[in-house]
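If you read the sequences in order, they're chains R and V.
Each residue of the first sequence is one higher than the one before, counting from 1 in full-length UniProt numbering.
Each residue of the second sequence is one higher than the one before, counting from 1 in full-length UniProt numbering.
Glycine included, every Cβ here is placed at the ideal spot set by N, Cα and C.
Since this is a predicted model, take the numbers as computed values, not measurements.
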Amino acid sequence: MRNQIRLEDYRTPKAKIFTGRDRGIQVREDSKIDKLEEEFSIIEFIIPTNLYSINPSFFEELFVNVVTKLGERGFYDKFKFINEGNYNYQKPLDEAVTRILRKKTALDI
Amino acid sequence: MKNREQIKYRIGLKRFLNDLKRKNKKKEERKQEQDNYLRAKEELNGDLSYQNQIEKWLPSNLSYILSNEKAKFDKSISRKKVYENTFKIKVPEIFSLIENGNNSYKFIRKLTINILLDQHKTIEIDYSECKRIELSAQIYLDMILQDLLKFISRRNNNKNTQSKIRSLSGINIHNHDIRKLLFSIGSPAIISKGYIKFPDIITYKLCVHNKEFNKIENAKRKEVDSTEMVDYVIDSLASLNKELTGDSIEDLSIVIGEILINAEEHSTTKYRYSTGFFQKHENGGEDFGVFHLAIMNFGETIYEKFKSPTCTNEDMKKRMADISSRYTKKSLWSKSLDEETLWTLYALQQGITSVSIESSKRGNGSIQFIESFFNLKGTNENADEVSRMAIISGNTNIIFDGSYNIQTKTMGTDTFKVMTFNKTNNIEEKPDSRYVKSVNDYFPGTVISARILISKDDII
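Structure follows, in structure tokens:
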């Protein structure tokens, strides 16, 4: 087992978009990310080239357990993101982390 | 002499063989018809009545729509005696579920019922007075026509159940823009495969997805469908030698992807439908075209989903009921605002979901696609005046034209995006009834339509 997750390995053929909670769960399970987190102190996460978008809902389900366990800072300390393309993944990633850690909803006023 | 004899034999043999071929063909046809009859009899459990044909053979979505009392299809059944062979019906001047809901729904119901009544040989959809078609109305009509034709074709498989209808067509399609829409993505293109190539439109075929087909493939399917639709816009712009910026591609991907997810996850029937078309503007100006998009599902509406006993998120239901009950207490309900309208608006807010929250937070998809839509449209002084999005669910219409935008609210350490449709940005306050309203006509599911102007800001 290597301390690396290549998102390209989980790309749907012909797709340039990663979207949906169900897909986030699939990749979380297939990549064994939760187990990798337990075994390694640093994990490389490779964002592939030729992407249109990664929707926050996808990141949310993929990282839900590790972010909940490590917190925002701990997550970014442990997971090193390497971008092979031009897609700006940071915005949806930050949005996903915020959502995971949020406790209330917009109606809790 | 010898030659003449040979010709005679040759002709005789040829005639005999042709005759044999004809007889065999007829025999085959009779056999096929008998097989079809036996199959129909079996499928219909021996009861070939029209009622039973409708019950057993009508495609599931159409069956759902017709049986939904709120959609009022039964009100369109006329008792008038029919003497003509042709039924002609005029498409409303503005065919739009938002701008001319009353006439557009009425037209769809009347056409559907008259096809189902099966009293005419010819059905003519007359576009002579139609000046504009909005995509949500067209996708609704297309889906109904597609299902009706499937039903008719099944009936026509044998003489005992054969439909009277011999032809169904659009007539007087003189308006150039309507012609383009209909023959590139609308009914004539879908039904009769009568695609016409227009220089300023690249065709896009109606995408129908059955979510029960295969769960794993289903999860991946929306990634492929979203990519194809974004590629469609990219290709359309490429023909103008224009290229979208990375940010615009991302926003477009999120608008399409999240709406597709919404349509799929929240549909209580099996199917989601999506269509779009890009109309190029080759006027040398600063805008390059408009992308029209419509995504639709059938089944429980957004409000019905929350109201349903199957909605297990009791906490969320209680919170929605608490806020909306303040209106009940103050007797603020009006014709254009009721519990359904408010709950539909609440359902769009961040963190609101009908699904029980277990593994992680849900209910962010709607605000996500609304935000991406506004990124494409621009806000305040940078907003274009063309882009608009609408959500139609049951008796509720919500329209996003930029008059109100998403606001960020902070609550302790948490920040939220809200779309309140009022000046105070307080979800407890009354939304502007011009944009969040209850309407008379009921859509039996949810349809989200958008038109997005692609201008110089979106181009590299």
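Starting from the beta carbon of residue 20 (chain R), find every residue of chain V whose beta carbon is closer than 7 Å, and list them in chain order.
If you number the first sequence from 1, residue 20 (chain R) lands on position 20. Under the 7 Å cutoff, chain V gives 219, 222, 261.
Would you check if the distance between the CB atom of residue 126 (chain V) and the CB atom of residue 165 (chain V) is smaller than 8 Å?
Indexing the second sequence from 1 puts residue 126 (chain V) at position 126. Indexing the second sequence from 1 puts residue 165 (chain V) at position 165. No, the pair does not count as a contact, with Cβ atoms beyond the cut-off.
Could you pull the DSSP bridge partners for residue 132 (chain V) from this structure?
Residue 132 (chain V) sits at position 132 when you count from the first residue of the second sequence. Answer is V:94, bridged to residue 132 (chain V).
How many angstroms separate the CA atom of residue 159 (chain V) from the CA atom of residue 33 (chain V)?
Your numbering for residue 159 (chain V) matches position 159 in the second sequence. Your numbering for residue 33 (chain V) matches position 33 in the second sequence. Taking the straight line from one Cα to the other gives about 8 Å.
Looking at chain R, is there any beta carbon in it that lies within less than 8 Å of the beta carbon of residue 368 (chain V)?
Working through the second sequence from its first residue, we reach residue 368 (chain V) at position 368. With 8 Å as the cut-off, residue 368 (chain V) counts as an interface residue toward chain R.
Give a yes or no on whether 8 Å exceeds the smallest Cβ distance from residue 227 (chain V) to chain R.
Indexing the second sequence from 1 puts residue 227 (chain V) at position 227. It does; some Cβ of chain R falls within 8 Å.
Just list the alpha helix (DSSP H) runs in the region 208-286 of chain V, keeping only unbroken ones of 4 residues or longer that don't cross its boundaries, in chain order.
You should have 215-238, 246-265.
Which residues of the region 248-260 of chain V have a Cβ closer than 9 Å to any Cβ of chain R? Give them in chain order.
249, 250, 251, 252, 253, 254, 256, 257, 258, 260
If distances are taken between C-alpha atoms only, which option among V:459, V:311, V:442, V:231 comes closest to residue 53 (chain R)?
Counting from 1 along the first sequence, the entry for residue 53 (chain R) is found at position 53. The residue with the shortest Cα to Cα distance from residue 53 (chain R) is V:231.
Closer than 7 Å at the beta carbon, the chain V residues around residue 103 (chain R)
Mapped onto the first sequence, residue 103 (chain R) falls at position 103. Under the 7 Å cutoff, chain V gives 414.
Between residue 7 (chain R) and chain V, is there a C-beta pair that is closer than 8 Å?
Taking the first residue of the first sequence as 1, we reach residue 7 (chain R) at position 7. For residue 7 (chain R), the answer is no, since every Cβ of chain V falls outside 8 Å of its Cβ.
Going straight from the alpha carbon of residue 141 (chain V) to that of residue 388 (chain V), what length do you get?
The residue labelled residue 141 (chain V) in the question sits at position 141 within the second sequence. The residue labelled residue 388 (chain V) in the question sits at position 388 within the second sequence. Straight-line measurement puts the Cα of residue 388 (chain V) at about 21 Å from the Cα of residue 141 (chain V).
Excluding sequence positions up to five away, which residues of its chain have a Cβ less than 6 Å from the Cβ of residue 360 (chain V)?
Position 360 of the second sequence holds residue 360 (chain V). Low local confidence applies: a pLDDT of 46 at residue 360 (chain V) is under 50, so the model's placement there is unreliable, and no value is given.
Report yes if the C-beta distance between residue 219 (chain V) and residue 26 (chain R) is below 8 Å; otherwise report no.
Reading the second sequence from its first residue, position 219 is the one you call residue 219 (chain V). Reading the first sequence from its first residue, position 26 is the one you call residue 26 (chain R). In contact: residue 219 (chain V) and residue 26 (chain R) (Cβ atoms closer than 8 Å).
Classify residue 145 (chain V) as helix, strand or coil using the three-state DSSP reduction.
Numbered from 1 along the second sequence, position 145 holds the residue referred to as residue 145 (chain V). Looking at residue 145 (chain V) - three-state DSSP - the assignment turns out to be helix.
Kindly list, in the order they appear in chain V, the residues whose Cβ is closer than 7 Å to that of residue 52 (chain R).
Locating residue 52 (chain R) in the first sequence gives position 52, counting from the first residue. The answer, in chain order, is 227, 230, 249, 250, 253.
Where does the unbroken beta strand (DSSP E) through residue 462 (chain V) begin, and where does it stop?
The structure shown does not extend to residue 462 (chain V), since chain V is modelled only from 1 through 460, so no value can be given for it.
Just mark residue 28 (chain R) as buried or exposed, buried being the case when its beta carbon has 16 or more other beta carbons within 10 Å.
Position 28 of the first sequence holds residue 28 (chain R). The residue in question, residue 28 (chain R), is buried, as its Cβ has 16 or more Cβ neighbours within 10 Å.
Distance cutoff 8 Å, beta carbons only. Does residue 12 (chain R) sit that close to anything in chain V?
Numbered from its first residue, the first sequence carries residue 12 (chain R) at position 12. Cβ-Cβ to chain V under 8 Å: yes for residue 12 (chain R).
Among the candidates V:258, V:319, V:66, whose CA atom is the shortest distance from the CA of residue 449 (chain V)?
Here residue 449 (chain V) corresponds to residue number 449 of the second sequence, with the count starting at 1. The option with the nearest alpha carbon to residue 449 (chain V) is V:258.
Residue 388 (chain V) in three-state terms, based on DSSP
Here residue 388 (chain V) corresponds to residue number 388 of the second sequence, with the count starting at 1. Here residue 388 (chain V) sits in strand by DSSP.
What does residue 365 (chain V) reach in chain R if we use C-beta pairs closer than 7 Å?
Within the second sequence, the letter at position 365 stands for residue 365 (chain V). Going along chain R in sequence order, the residues near residue 365 (chain V) (Cβ under 7 Å) are 57.
Which residues in chain R sit within 7 Å of residue 378 (chain V), going by Cβ to Cβ distance?
Stepping through the second sequence from its first residue, residue 378 (chain V) is reached at position 378. By Cβ distance, chain R contributes nothing, its closest Cβ being about 18 Å from residue 378 (chain V), past 7 Å.
Determine, using beta-carbon pairs with one atom in the region 399-411 of chain V and one in the region 363-375 of chain V, whether at least three such pairs fall under 8 Å.
yes
Cross-strand partners of residue 293 (chain V) (DSSP beta bridge):
The residue labelled residue 293 (chain V) in the question sits at position 293 within the second sequence. BP columns for residue 293 (chain V) point to V:276, V:450.
How about residue 86 (chain R): is its C-beta nearer than 8 Å to some C-beta of chain V?
Counting from 1 along the first sequence, the entry for residue 86 (chain R) is found at position 86. Against chain V, the CB of residue 86 (chain R) has a partner CB under 8 Å away; the residue lies at that interface.
Check the C-beta distance from residue 44 (chain R) over to residue 78 (chain R) and give it rounded, since I have them as a contact under 8 Å.
Position 44 of the first sequence, counted from the first residue, corresponds to residue 44 (chain R). Position 78 of the first sequence, counted from the first residue, corresponds to residue 78 (chain R). The pair is not a contact, with the Cβ atoms about 10 Å apart (cut-off 8 Å).
Under 8 Å, Cβ to Cβ, is there at least one residue of chain V near residue 74 (chain R)?
Indexing the first sequence from 1 puts residue 74 (chain R) at position 74. With 8 Å as the cut-off, residue 74 (chain R) does not count as an interface residue toward chain V.
Measure from the C-beta of residue 23 (chain R) to each C-beta in chain V and report whether the shortest distance is under 8 Å.
Position 23 of the first sequence, counting from 1, holds the residue named residue 23 (chain R). For residue 23 (chain R), at least one C-beta of chain V is nearer than 8 Å to its own C-beta.
Near residue 421 (chain V), which residues of its chain fall below 6 Å by C-beta distance, leaving aside the five closest residues on each side in sequence?
As a first step, residue 421 (chain V) must be located in the second sequence, where it is residue number 421. Taken in chain order, the residues that qualify are 404, 431, 432, 435, 436.
Count the other CB atoms, across all protein chains shown, that sit within 10 Å of the CB of residue 9 (chain R); report buried if there are 16 or more and exposed otherwise.
As a position in the first sequence, residue 9 (chain R) is number 9, starting the count at 1. Exposed.
Can you find a heavy atom of the ligand HEM that lies under 7 Å from the Cβ of residue 259 (chain V)?
Absence of the ligand HEM from the depicted structure is noted, as is the absence of any ligand whatsoever, leaving it without description.
Quick check: is the beta carbon of residue 67 (chain V) nearer than 8 Å to any beta carbon in chain R?
The residue given as residue 67 (chain V) occupies position 67 in the second sequence. Chain R, which has no Cβ nearer than 8 Å to the Cβ of residue 67 (chain V), makes this no.
N-terminal and C-terminal residue of the beta strand (DSSP E) that residue 6 (chain R) is part of
Within the first sequence, residue 6 (chain R) is the residue found at index 6, counting from 1. Residue 6 (chain R) -> beta strand (DSSP E) spans 4-6.
Evaluate the contact criterion for the region 33-50 of chain R versus the region 280-294 of chain V: three or more CB pairs, one atom per stretch, below 8 Å.
no
Since residue 16 (chain R) meets chain V, which of its residues come closer than 7 Å, beta carbon to beta carbon?
Position 16 of the first sequence, counting from 1, holds the residue named residue 16 (chain R). Going along chain V in sequence order, the residues near residue 16 (chain R) (Cβ under 7 Å) are 227.
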